[in-house]
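Listed in order, the protein sequences are those of chains H and V.
Just so you know, we're using this note's numbering here: the first sequence kicks off at 1 and counts up by one.
Just so you know, we're using this note's numbering here: the second sequence kicks off at 1001 and counts up by one.
Cβ atoms here follow ideal geometry from the backbone N, Cα and C, with glycine treated the same way.
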Amino acid sequence: MTNNGNDSAVATSLRDVETGHRPVATMSSRLDGELLEVSMGPQHPSTHGVFRMNVALEGEIVRKLKPVFGYLHRNHEKIGENATYLGSMPYTDRLDYFCSMTNNWAYALSVEKLVGIEVPERAEYLRVILAELTRLQNHASLLGFLLSDMGAWGTPLMYAFREREKILDLFESLSGSRMMCDYMRFGGCRVDADDAWLAGAKRIVDRFPKFLDEFEALILQNEIVIARTQNVGKLSPQLAISAGITGPMLRACGVNYDIRKVDGYGIYPRFKFRIPLGDHGDTYDRLMMRALEMHESIEILKQALAQIQPGPVMNPKVKIRAFRPPIGEAYGRIEGPKGELGFYLISDGGPNPYRYRVRPPSFINLTVLEDLCLGHTVADVMVILGSIDIVMGEVDR
Amino acid sequence: METLEQIKNRAELAVRGAKIDIVANPGPSQQSSLLLDHEHAVGVATFLRDHPALSFDFCSNVTGVDWLDRVLKKTAKVKQVVDGVEKDVDQTTEEKIPGYLEAVYHLYSIKHKHGPLIIRMRTANRGDGARLPSLTPIWRSAELQEREIFDLYGIRFDNHPDLRRILMWDEFVDFPMRKDYRDPDDYEWEPTPHDDVLERAKQHYTPRPTLDGAENITAQ
């Protein structure tokens, strides 16, 4: 997190940024002190879908911000209660449509807890590989989107999408679909990956660091990015914990909490990886978190691809037809790319869940949106919102 | 993490008058929960968050569950005189268990990295009594999620800072996640302000009799 301070050509305004001084909340361009109410969204591209914010402005400074949800609401949970357990699996793809693999995994994990199903080892390896590939493409796209919100139209996003497309090709050759993978099943995975697929995954993983270095050089050391993100939208660790913030956004505040380490679900305890932590909790740290997490994901992928052994990918004891979990309830959660993704299921012994609840990370991360934006300018709102990493399919469900 | 019994005993000692029940989970997940009473829920929740050995500082998931009225049928043999002869007759007794709404909170500790501790609260009934104390003052993460429960289940949370609909639109009537919810036959159909149309609108949206007025809470 360094800025090239030796460069004598750095403009004075950027120097202010280096010292942490930023002229926010001091100027008032309206002398009468009245607030201007602006409705931002829902159709603006930087709202990442259909999301609206009612903002009260004093000049350019945000004094009040109320998010408005529900434009994409289709009551996913009710539909889940009316479908069979397996019937909801393809529908979880549509929650966070960037990360269908991790959605599948969280749902499969919860049902496995509810019923008490073991997962074969090879399936666990495949799940880890797919989840980390998902994390790579999610974080890369996020950085691209964020830059495009800031006005760097095209280039960073297209760079990110070029790499994302390679990973989506892998998903497609394995599951038949780029984004709506519907790959995991209760007690394993739907199809096995052959050696050619694993070799292809290895090739992509080996080449990814080169892209990452290039991308970091392009984005994270860029003076404009630094000026727009450092000291913008600071989040304190106390508020982050209280508000249930999870994922890279929590770790950007310096809170060491990664469910891959804490719960050790799947076979994550077998891998050596580090948890990057930020120290300021500002937008730049949140950006940086994604970049550093991609490095760690690559480490996990390398280990997983080296360790994976042949074997079955489905637990043969799992009933596929007439699947009726015993009466009870279970909450299962994983570390999704956006934060803690959990599923809470109550079974009454019937073929479909009595209660099917999704704990959407990006929805709950929006709890602090107003706290982050107060005192900043309108232009910063877009950057802060972008750094939270929301997908409306999951926020509105 | 301590066992549920230990946590229950600790909390009952610390919060005077608190009555906590353990709701057993018969499934293999072994996630049983604590049922809090309304009066002391905030006190118990504060205790769970602040006690140094527990410190459940992170409220991950908050959600509602709807349990409808149930009828428990019991059949017992009863001696009865039929046509002057004493006989064993099957007699069915019906016990009515009134329905209620439930709010479930999944707590974790970031400090000690343990969890989940599941706490739940039950409303008195599914109508006027669908009220619970809000735990948003203790865990801010409940803010949007309790709003969502209010929106979809119609539980009113007392002391919630901003209780209004969140996912459904403000003018929407009824609570779609309730088990006895009937969806309207045409969502797109909108009444215009003319008498005959408004009259037809009344037939179009037949209100459910159990509504208690919470559906009228809209944005200020």
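Cβ-based burial, residue i [other Cβ within 10 Å; buried from 16]
i	result
residue 1019 of chain V	exposed
residue 108 of chain H	buried
residue 30 of chain H	For residue 30 of chain H, the predicted structure reports a pLDDT of 48, less than 50, and the residue's modelled location is therefore unreliable. The matter cannot be settled from this model.
residue 199 of chain H	exposed
residue 80 of chain H	buried
residue 349 of chain H	exposed
residue 1152 of chain V	buried
residue 272 of chain H	exposed
residue 1082 of chain V	exposed
residue 1044 of chain V	buried
residue 155 of chain H	exposed
residue 369 of chain H	buried
residue 301 of chain H	buried
Pairwise C-alpha distance: residue j and residue i
i	j	result
residue 213 of chain H	residue 47 of chain H	28 Å
residue 166 of chain H	residue 128 of chain H	18 Å
residue 1028 of chain V	residue 333 of chain H	16 Å
residue 1135 of chain V	residue 40 of chain H	30 Å
residue 295 of chain H	residue 101 of chain H	20 Å
residue 185 of chain H	residue 293 of chain H	27 Å
residue 73 of chain H	residue 1166 of chain V	10 Å
residue 119 of chain H	residue 1025 of chain V	23 Å
residue 337 of chain H	residue 188 of chain H	21 Å
residue 181 of chain H	residue 356 of chain H	21 Å
Spatial neighbours of residue i in its chain, beta-carbon cut-off 8 Å, leaving aside the 5 residues before and after
i	result
residue 1012 of chain V	1018, 1019, 1020
residue 1005 of chain V	1022
Within-8 Å CB hit, residue i to chain V
i	result
residue 367 of chain H	yes
residue 326 of chain H	yes
residue 352 of chain H	no
residue 215 of chain H	no
residue 78 of chain H	yes
residue 342 of chain H	yes
residue 226 of chain H	no
residue 359 of chain H	yes
residue 255 of chain H	yes
residue 161 of chain H	no
residue 14 of chain H	Residue placement at residue 14 of chain H is poorly supported in this model, since its pLDDT is 36, which falls under 50; the coordinates still yield a value, given next. With 8 Å as the cut-off, residue 14 of chain H does not count as an interface residue toward chain V.
Residue i: contacting residues in chain V (beta-carbon distance under 9 Å)
i	result
residue 276 of chain H	The contacting residues do not exist; residue 276 of chain H stays about 17 Å from chain V at best.
residue 51 of chain H	Per Cβ cutoff of 9 Å: no residues; residue 51 of chain H is ~12 Å from chain V at best.
Proximal residues of chain V, C-beta to C-beta of residue i below 7 Å
i	result
residue 243 of chain H	1140, 1141
residue 113 of chain H	1029
residue 262 of chain H	1113
Check: residue i C-beta below 7 Å from any heavy atom of the ligand SAM
i	result
residue 112 of chain H	Only the bare structure without any ligand can be found here, which leaves the ligand SAM out of the picture.
Interface residues of chain V facing residue i [CB-CB closer than 8 Å]
i	result
residue 364 of chain H	1141, 1144, 1145
Chain H residues whose Cβ lies nearer than 8 Å to that of residue i
i	result
residue 1233 of chain V	No answer is possible for residue 1233 of chain V: the residues shown for chain V start at 1001 and end at 1220.
residue 1163 of chain V	In chain order: nothing, as chain H lies at least about 14 Å away.
residue 1026 of chain V	326, 327, 328
residue 1054 of chain V	The premise fails here: residue 1054 of chain V is roughly 15 Å from chain H at the closest Cβ pair, so nothing lies under 8 Å.
Chain H within 8 Å of residue i, Cβ atoms only
i	result
residue 1035 of chain V	no
residue 1110 of chain V	yes
residue 1061 of chain V	yes
residue 1058 of chain V	yes
residue 1098 of chain V	no
residue 1068 of chain V	no
residue 1001 of chain V	no
Same chain, Cβ closer than 7 Å to residue i, neighbours up to 5 away in sequence not counted
i	result
residue 328 of chain H	114, 347
residue 256 of chain H	275, 277
residue 371 of chain H	239
residue 1111 of chain V	1055, 1057
residue 397 of chain H	73, 76, 77, 95, 358, 360
6 Å Cβ shell around residue i - same chain, five flanking residues per side excluded
i	result
residue 1154 of chain V	1130, 1175, 1214
residue 341 of chain H	106, 334, 361
residue 84 of chain H	351, 352
residue 1156 of chain V	1131, 1214
residue 122 of chain H	311, 313
residue 1048 of chain V	1054, 1056
7 Å Cβ cut-off: residues of chain H touching residue i
i	result
residue 1065 of chain V	346, 355
Contact set between residue i and chain H, taken where Cβ atoms lie within less than 9 Å
i	result
residue 1133 of chain V	The premise fails here: residue 1133 of chain V is roughly 18 Å from chain H at the closest Cβ pair, so nothing lies under 9 Å.
residue 1106 of chain V	331, 333, 342, 344, 359
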